[in-house]
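Report on the structure given below.
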């Protein structure tokens, strides 16, 4: 879509990036700190260097040089870019080495805008060496420029002198011919014209020769002598720390994005919504508010299309104990999937996601399984990821050992086990593994909710109804008064 249709999209994207960096702040801050510390360490390890600069005003030497077209931007006739390259050439470096009697460091030559000035800078490990080498480069450049101009001037003078000798010789020959020719003849007239031409050439060459003989070669002047720098030019604190900071930011952002893309662990409810797209109806991973279960029941009633809700734990070892009170509050049938027909009878599904124990791939697998069987997904409930005794998240429902340590627990009256849902009973409608189908607590050894032939369950001869609970080596008798019930206890036959 066009960006104009979403004027706040850039703000949303920025908020997403900030949220990602906040989630991966450990990785991001670690890379950032590493970059800054690396820049600081490099700053300390880099030896200081000093830069000295000599400024030279380049003047016209008076002989023919490479001209530069004068324009609005370039107002000087000299081509200073060419002069800057000459100042950095090997010829000038050799002359500077001869002056210093040592090999100098390379010079950096710059041209200030709209000027005839060359700035010759040299960087060295000590201020004295930097200043000495910069001055040597300036002297070597001016000497080379003067020598070049003087050589060009000498060559021009030699060429003029040679030409002047040739013309004078031709002039002498023509004068001799005129003396032998008779005046008025054509030969005399032609010889006279040749004499005039040669005379003008002799005059012109003589003027040029005299002009070059009076030329004063001026290569330029040093207008600012290099002084010893008082502070090092490098390493630069802002440059090194800024570079380390920028490198740390880029590396930290890249590492945070890579870590966020590769990590599919679910540590918080926001991770479930972000990585799986499922709405989190309630967070029961910590101390829940008194109204949390009521709000969850309201959300389930509003979202579930029927009266049968399949509750599935991810991972399955968590169990579904955290949402068991939901059945009474929402007046809805909760199916835990233990029966083979639960998936077929389910009209909706609720995922119980264990934080730090489940991954996004596990939740996606559970969602695909439900979608394959056409069970609409209501949402997800997040719980703590620590599993104890196979009963569910720690702190939500106590395990068997905790229940047995509390003290004597009452037995079920006769027939109570048969009234419980099949999901709470074994295949015979009796408590499984000696645990109460109502509370999930451990019954006394040797007791069960079934009745022995010829005896009423939970009764002893000549005593009130009750149950004996074994706790260590002591046996306690817990009696329960049956209010308004004086009918005889029916006997259960073996058939």
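Residue numbers (this note's numbering): 723 to 1217. Every residue, glycine too, gets a C-beta built ideally from N, C-alpha and C.
Let me confirm a value: residue i is counted as buried when at least 16 other C-beta atoms fall within 10 Å, else exposed. Which label applies?
| i | result |
| --- | --- |
| residue 1005 | buried |
| residue 932 | exposed |
| residue 1018 | buried |
| residue 828 | exposed |
| residue 929 | exposed |
| residue 739 | exposed |
| residue 1189 | With a pLDDT of only 33 at residue 1189, under 50, the local geometry of the prediction cannot be trusted, and the value read off the model is given with reservation. The residue is buried, with at least 16 neighbouring Cβ atoms inside 10 Å. |
| residue 866 | buried |
| residue 1015 | buried |
| residue 993 | buried |
| residue 736 | exposed |
| residue 880 | exposed |
| residue 1158 | Low confidence applies to residue 1158: its pLDDT is 40, below 50, so where it sits in the model is not reliable enough to give any reading. |
| residue 925 | exposed |
| residue 962 | buried |
| residue 1038 | exposed |
| residue 1097 | buried |
| residue 984 | exposed |
| residue 998 | buried |
| residue 812 | exposed |
| residue 817 | buried |
| residue 904 | exposed |
| residue 803 | exposed |
| residue 767 | exposed |
Per the DSSP calculation, residue i is bridged to which residue(s)?
| i | result |
| --- | --- |
| residue 1081 | 987 |
| residue 845 | 773 |
| residue 1030 | 1055 |
| residue 1101 | 1072 |
| residue 943 | 779 |
| residue 956 | 771 |
| residue 1035 | 1074 |
| residue 840 | 778 |
Out of the options, point me to the one whose CA is closest to residue i's CA.
| i | options | result |
| --- | --- | --- |
| residue 1095 | 1105, 1066 and 857 | 1066 |
| residue 755 | 1070, 974 and 771 | 974 |
| residue 836 | 747, 856, 779 and 745 | 779 |
| residue 784 | 941, 847 and 737 | 941 |
| residue 1043 | 1107, 953, 1024 and 1084 | 1107 |
| residue 855 | 959, 821 and 1068 | 821 |
| residue 996 | 936, 1026, 1086 and 895 | 1086 |
| residue 1078 | 986, 1063 and 1054 | 986 |
| residue 1221 | 1061, 1057, 921 and 912 | Look at the range of the chain in this structure, 723 to 1217, and you will see that residue 1221 is not part of it. |
| residue 892 | 913, 881 and 872 | 913 |
| residue 1063 | 823, 920 and 1031 | 1031 |
| residue 776 | 769, 984 and 945 | 945 |
| residue 1088 | 1060, 1033, 1049 and 1050 | 1033 |
| residue 746 | 978, 770 and 764 | 978 |
| residue 968 | 1020, 1104, 760 and 1036 | 760 |
| residue 814 | 802, 800, 841 and 858 | 858 |
| residue 1035 | 1101, 834 and 937 | 1101 |
| residue 782 | 1013, 838 and 903 | 838 |
| residue 1048 | 883, 939, 1059 and 1072 | 1072 |
| residue 1054 | 1081, 1020 and 911 | 1020 |
| residue 771 | 1027, 954, 1013 and 869 | 954 |
| residue 765 | 1103, 852, 957 and 1026 | 957 |
| residue 937 | 871, 826 and 904 | 871 |
| residue 1010 | 906, 1104 and 877 | 1104 |
| residue 1076 | 1026, 1099 and 989 | 989 |
| residue 899 | 917, 744 and 1012 | 917 |
| residue 1093 | 876, 1082 and 1070 | 1070 |
| residue 749 | 981, 757, 851 and 887 | 981 |
| residue 826 | 852, 907, 741 and 864 | 852 |
| residue 758 | 971, 1007, 743 and 1008 | 971 |
Hey, quick one: how far does the alpha helix (DSSP H) through residue i stretch, first residue to last?
| i | result |
| --- | --- |
| residue 909 | 908 to 935 |
| residue 818 | 812 to 822 |
| residue 1019 | 1014 to 1025 |
| residue 802 | 802 to 809 |
| residue 1065 | 1064 to 1067 |
For residue i and chain C, any beta-carbon pair shorter than 7 Å?
| i | result |
| --- | --- |
| residue 839 | The structure shown has no chain C; it contains just one protein chain. |
Between which two residues does the beta strand (DSSP E) carrying residue i extend?
| i | result |
| --- | --- |
| residue 783 | Neither: residue 783 is in no beta strand (DSSP E) and is coded neither H nor E. |
| residue 756 | Segment 747 to 767 is the alpha helix (DSSP H) holding residue 756; no beta strand (DSSP E) there. |
| residue 832 | 829 to 832 |
| residue 1004 | 1002 to 1006 |
Assuming residue i and residue j are in contact, meaning their beta carbons sit under 8 Å apart, how far apart are those beta carbons, in whole angstroms?
| i | j | result |
| --- | --- | --- |
| residue 1052 | residue 1023 | 5 Å |
| residue 810 | residue 831 | 5 Å |
| residue 1040 | residue 1074 | 6 Å |
| residue 889 | residue 920 | 6 Å |
| residue 960 | residue 847 | At roughly 22 Å, the Cβ-Cβ gap does not stay under 8 Å, so residue 960 and residue 847 are not in contact. |
| residue 841 | residue 834 | 7 Å |
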